[in-house]
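Residue numbers (our numbering): 76 to 499.
The beta-carbon is built from N, C-alpha and C at its ideal position, and this holds for glycine as well.
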């Protein structure tokens with residue numbers, strides 16, 4: 076049976092990162108004529124929203140109709156910058172309790188502002204009864220949806236234990252993949268890398284970390300943009316090493332990329348880390364935050380004041396941070412020559428959250444260690460969604476060439492000693 080709703084004109088769906096500066100759209104226009112107190116107030120708001128975890132998502136996408144019966148269903152949605160891109164995506168509804176995997180475009184009628192897409196699977200909830208939801212990139216809810224066992228383990232972290240999925244290789248593995256999702260996402264985001272990791276013989280550990288809604292919250296309840304979260308990744312490497320890992324490949328999406336770079340820089344296990352695979356990563360927070368200020372019409376001086384507040388010891392009471400954030404230390408453009416691990420960047424030229432520019436600049440400044448694979452049309456961290464076969468093939472070939480039994484950039488080999496000596 077068909078379940079129909081009223082149609083609507085094409086709309087732009089607000090995105091989670093844009094939401095946290097949404098007030099800036101209106102406030103930013105008034106700042107030019109406002110008093111200094113209003114300017115600083117907007118900067119405080121901007122700074123606090125950057126580091127404050129969001130609890131819940133807005134159902135900002137109308138579900139106009141569900142057509143057909145189980146096994147042969149389509150969904151009609153408003154056409155927007157997300158829903159008209161080919162590929163596989165998730166549609167969440169009923170305040171996140173419902174989840175469907177959405178596939179190919181059946182029809183797109185620009186004059187009506189609608190798009191009809193295949194419903195590949197409904198994992199939970201009654202899609203036919205849903206009227207609103209949100210669009211996402213994490214299409215699988217758990218490893219079992221991909222044919223792998225749902226084996227959950229607990230990683231000891233500050234404040235308790237963080238759940239993680241353990242997906243074992245078919246044979247005992249000494250190289251593990253440790254996967255780190257992005258800001259405002261869940262560990263399901265990282266499931267996209269399971270297949271290439273499994274084909275390469277790696278055991279995978281798919282993490283939760285502080286403030287993501289599954290792991291314990293940080294004591295201050297604030298994001299550290301990588302400066303604090305890396306400790307939870309280090310704890311996951313502890314777990315991997317204690318269960319047989321000699322070497323680790325770190326995967327990171329979006330802010331997860333910034334977390335991975337911090338881990339590679341500061342971890343006590345850094346000599347075990349043999350490669351990085353980063354999708355839509357934050358390479359330079361200063362540029363990303365300036366980009367979001369501009370998107371939301373926040374004047375550049377106000378955006379810079381917000382960054383200053385994040386880095387200020389005296390502003391901790393305002394931002395809620397336990398310690399200031401050293402954004403400059405996380406600028407990997409300035410530190411390009413210090414990145415001496417084989418690093419694959421997968422980044423879309425149409426990434427609306429984290430522009431590709433810093434990734435391209437890092438690859439240009441450090442070609443011996445950094446490889447950039449460019450995508451077109453994909454939205455933020457949706458390179459896999461647009462073309463799963465290409466994404467998986469690129470990752471698999473690159474890891475095979477740079478990690479498994481072949482010479483690495485700089486003349487090192489995977490077998491020659493990237494692992495930490497015993498006892499350290």
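The shortest CA-to-CA distance from residue 217 to any of 357, 267 and 446 is the one to 267. Secondary structure at residue 308: helix, using DSSP grouped into helix, strand and coil. A residue is called buried when at least 16 other Cβ atoms come within 10 angstroms of its Cβ; residue 294 does not meet this threshold and is exposed. CA-to-CA, the gap between residue 262 and residue 388 works out to about 32 Å.
Straight through space, the alpha carbons of residue 168 and residue 183 are spaced by roughly 22 Å. Setting aside the 5 residues that flank it on each side, residue 451 is surrounded in the same chain by 423, 424 and 425, each with a C-beta closer than 8 Å to its C-beta; the list follows chain order. Inter-residue distance for residue 225 and residue 282 is about 13 Å (C-alpha atoms, whole angstroms).
A residue is called buried when at least 16 other Cβ atoms come within 10 angstroms of its Cβ; residue 229 does not meet this threshold and is exposed. Distance between residue 248 and residue 417, taken at the CA atoms: about 20 Å. In this structure, the CA atom of residue 316 is about 47 Å from the CA atom of residue 115. Looking at the DSSP output, residue 418 bridges to 351 and 445. Note that the C-beta distance between residue 474 and residue 448 is not below 9 Å. Three or more beta-carbon pairs separated by less than 8 Å link the region 351-366 to the region 375-385, which places the two stretches in contact. The DSSP-derived three-state label of residue 254 is strand. Distance from the Cα of residue 405 is smallest, within the candidate group 395, 374 and 437, for 437. Following the DSSP letters along the chain, one finds residue 260 in no beta strand (DSSP E), marked with neither H nor E. Following the DSSP letters along the chain, one finds residue 187 in no beta strand (DSSP E), marked with neither H nor E. Within the same chain, 165, 167, 198, 199, 200 and 216 come within 7 Å of residue 174 by CB-CB distance, once the 5 residues on both sides are set aside.
Non-local C-beta neighbours of residue 246 in its own chain, meaning closer than 8 Å and more than five positions away in sequence, comprise 276, ordered along the chain. Taking a C-beta distance under 9 Å as the contact criterion, residue 300 and residue 357 qualify as a contact pair. For residue 393, the enclosing alpha helix (DSSP H) covers residues 391-394. In this structure residue 331 is in contact with residue 255, their Cβ atoms being roughly 4 Å apart against a cut-off of 8 Å.
Residue 242 and residue 179 have their C-alpha atoms some 28 Å from each other. Taken through DSSP and simplified to helix, strand or coil, residue 295 comes out as coil. Sorting 133, 286, 171 and 212 by C-alpha distance to the C-alpha of residue 234 places 286 at the top. Across the structure, residue 465 and residue 421 are spaced so that their CA atoms are roughly 11 Å apart. Just so you know, the alpha carbons of residue 373 and residue 135 end up roughly 23 Å apart.
Secondary structure note for residue 332: its alpha helix (DSSP H) is the uninterrupted segment 330-341. Partner residues in the beta bridge of residue 142, as assigned by DSSP, are 149.
Residue 240: member of the beta strand (DSSP E) spanning 235-242, first to last residue. Cα atoms of residue 221 and residue 117: separation of roughly 44 Å, rounded to the nearest angstrom. A direct Cα-Cα distance of roughly 25 Å separates residue 124 from residue 207. When DSSP states are grouped into helix, strand and coil, residue 126 belongs to the helix group. Apart from sequence neighbours up to five positions away, the residues of its chain that approach residue 463 with a beta-carbon distance below 7 Å are 163, ordered along the chain.
Less than 9 Å separates the beta-carbon of residue 205 from that of residue 141. Assignment of residue 280 by DSSP, reduced to helix, strand and coil, places it in the strand class.
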